[in-house]
């Protein structure tokens, strides 16, 4: 059996992890650590001021291809699913160069403390409309969302949650958004203008995974002597279940992550895991099918048997309430909802990992795992796997 692999949809850097334990499907902490190392340094939110927008460039079909390739190789690709390196988005602005005037009402006096305590901003945030199909994750905080699932952002002309929702719905892979008011410099701070007057911008940032109040950690930064700060920050999560996948039945909602025992033949059916920054189960489906193709070509035993991927479980993995990414566990056998018992674990350092938005997908035509009997079978799943 191959080792588990952790892969970032943004960085696509593969990292080997130990083989699963007999009671398989538990959180692979080594794989998670490798994933977190892979995505370190990638943008987790929009930069202060600068460009008015950074249009999302994630492309699901490109990400699927990269995920499938990574199941059988060890590539290093910057940002599959995108046409540009997100690290290049922060470009050098001219010293003391003017920025566009923001649309949010100004604060008097013009200080960071007054901005953060501006009751007008609180009123704007607390009266904002929650779009249909979304739920309010947090309201009126002093920090913006930071997440490795960051997709892009827009500067708005008003605190318009419906417009931000439209941007999210139009962006492939978007699962949540954050609207907030940011205190920005009116000109680019430099030695000749270290602390310019401020302007206030409405911002809309998009993410490929859920958000929560514990992820609203961007409380601002210093630009020379000018203090960028945040106010009136609201976060929203999409309520819809993940989409169906070609060649698979599902999604089936689960209570937690699958924790599978050995099967009736005493064999471990767990094939490995993947982690992705963007919550897009099509990547899991691509990896599952690529895994089967690889096994059938390279890992057939003396009896003509191999380990096909017939079933996968995808869920949001969070660490201490902050989303890490989309976790995919693959199995050669179908396991029912009664086996979705893993709702969270602690690692040796005391970090609490939790499971949410857990769903399973079953290969519609089950693969027999034998080159002697054909590649697929429509036989029912083993009794142990029934819901």
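In the working numbering, the protein residues as written are 1 to 387. A virtual CB, placed ideally from N, CA and C, is assigned to each residue, including glycine. It should be emphasised that the depicted structure is a prediction, and the values quoted were computed from it without experimental measurement.
Taking the alpha carbon of residue i as the reference point, which residue from the options has its own alpha carbon closest?
i	options	result
residue 362	248, 343 and 64	248
residue 124	163, 264 and 159	159
residue 128	60, 66, 347 and 202	202
residue 332	303, 323, 316 and 289	289
residue 171	149, 319 and 157	149
residue 214	142, 187, 155 and 268	142
residue 168	36, 187, 146 and 207	207
residue 250	314, 269, 144 and 276	314
residue 336	271, 259 and 366	259
residue 163	175, 151 and 179	179
residue 53	204, 120 and 103	204
residue 70	321, 286 and 43	286
residue 174	218, 317, 296 and 147	147
residue 200	109, 237, 104 and 130	104
residue 111	271, 145 and 222	222
residue 371	298, 318 and 197	298
residue 115	230, 358, 284 and 292	230
Could you name the residues that DSSP lists as bridge partners for residue i?
i	result
residue 352	346
residue 154	53 and 204
residue 179	204 and 234
residue 359	253 and 314
residue 149	Beta-bridge pairing links residue 149 to no other residue.
residue 272	330
residue 135	237
residue 305	370
residue 98	187
residue 70	Paired residues: none, contrary to the question.
residue 144	218
Just to confirm the assignment, what range does the beta strand (DSSP E) spanning residue i have?
i	result
residue 124	Unbroken run through residue 124 is the alpha helix (DSSP H), 119-126; no beta strand (DSSP E).
residue 316	311-319
residue 328	322-331
For the alpha helix (DSSP H) containing residue i, name the first residue and the last one.
i	result
residue 284	282-298
residue 113	112-116
residue 169	161-170
Is residue i near the ligand PLP - that is, is its Cβ less than 7 angstroms away from at least one heavy atom of it?
i	result
residue 228	The ligand content of the structure shown is nil, which means the ligand PLP is not present either.
**OP:** Please list the segments of the beta strand (DSSP E) lying wholly inside the segment 185-268, counting only runs of 3 or more residues, in order along the chain.
**Re:** 198-207, 221-223, 226-238 and 248-253
Subject >> Sufficient close CB pairs (3 or more, under 8 angstroms) joining the segment 93-101 to the segment 177-197 >> reply: yes
**OP:** Within the segment 22-64, note down every full beta strand (DSSP E) run reaching 3 residues or more, in order along the chain.
**Re:** none
Subject >> Inter-stretch contact (C-beta, 8 angstroms, three-pair minimum) for the segment 180-187 and the segment 222-232 >> reply: yes
Original post:
Would you say the segment 267-283 touches the segment 45-64, given that touching needs at least three Cβ pairs under 8 angstroms?
Top reply: yes
**OP:** Indicate whether the contact test is met: 3 or more Cβ pairs, each with one atom in the segment 344-353 and one in the segment 296-310, closer than 8 angstroms.
**Re:** no
Original post:
Do the segment 335-347 and the segment 251-258 make contact, defined as three or more Cβ pairs closer than 8 angstroms?
Top reply: yes
**OP:** Would you check if the segment 261-277 and the segment 24-40 touch, i.e. whether three or more CB-CB distances between them fall below 8 angstroms?
**Re:** yes
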